[in-house]
Structure formats: C-alpha cells, structure tokens
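Written out below as structure tokens is the structure these notes cover.
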C-alpha cells in the first residue's frame, strides 16, 4: 500500500546529502554546486529552456531520476 501522505522530493537536498556522505567518508564531493543548471551540466542533462517553469520541471525530474539511479 502506498503511503497516503506525499513527501516532496528535491534533487538539491539530495545532492547536498550525497556531498555530506562523501565528505564524511573522506571522499571528494560529487557536486561542487547544486543548482539545477550545474547538476544538469554535471549529469549531462539538457534543459531545453532554462527558467521556463515546464522545462525546469522536466529537467528537475530527470536530474532526480539520474541521482536515484546513480546512488
């Protein structure tokens, strides 16, 4: 059964926690910057129209999906 309460997902917070995890383990952080544009560049994701609400939303979803698959 799916939890009836929905919790937000945020790639920026996820990337920061991955940076914390890497730093705690004495490893280089995977993301020097956690803005949507920086993470798109780092992960090879194209944002077709930056600062457009729909394009940013699609890019955000792809960044989050990539983060989940990577880590």
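Residue numbers (our numbering): 57 to 127.
Each residue gets a CB set at the ideal place from its N, CA and C atoms; glycine is no exception.
| Asked | Found |
| --- | --- |
| Straight-line gap, residue 66 to residue 91 (C-alpha atoms, nearest Å) | 11 Å |
| Euclidean distance between Cα positions of residue 84 and residue 77 | 10 Å |
| Element boundaries [alpha helix (DSSP H), containing residue 93] | 92-99 |
| Residue 125, DSSP secondary structure in three states | helix |
| Buried or exposed by the 16-neighbour rule on C-beta atoms within 10 Å, applied to residue 95 | buried |
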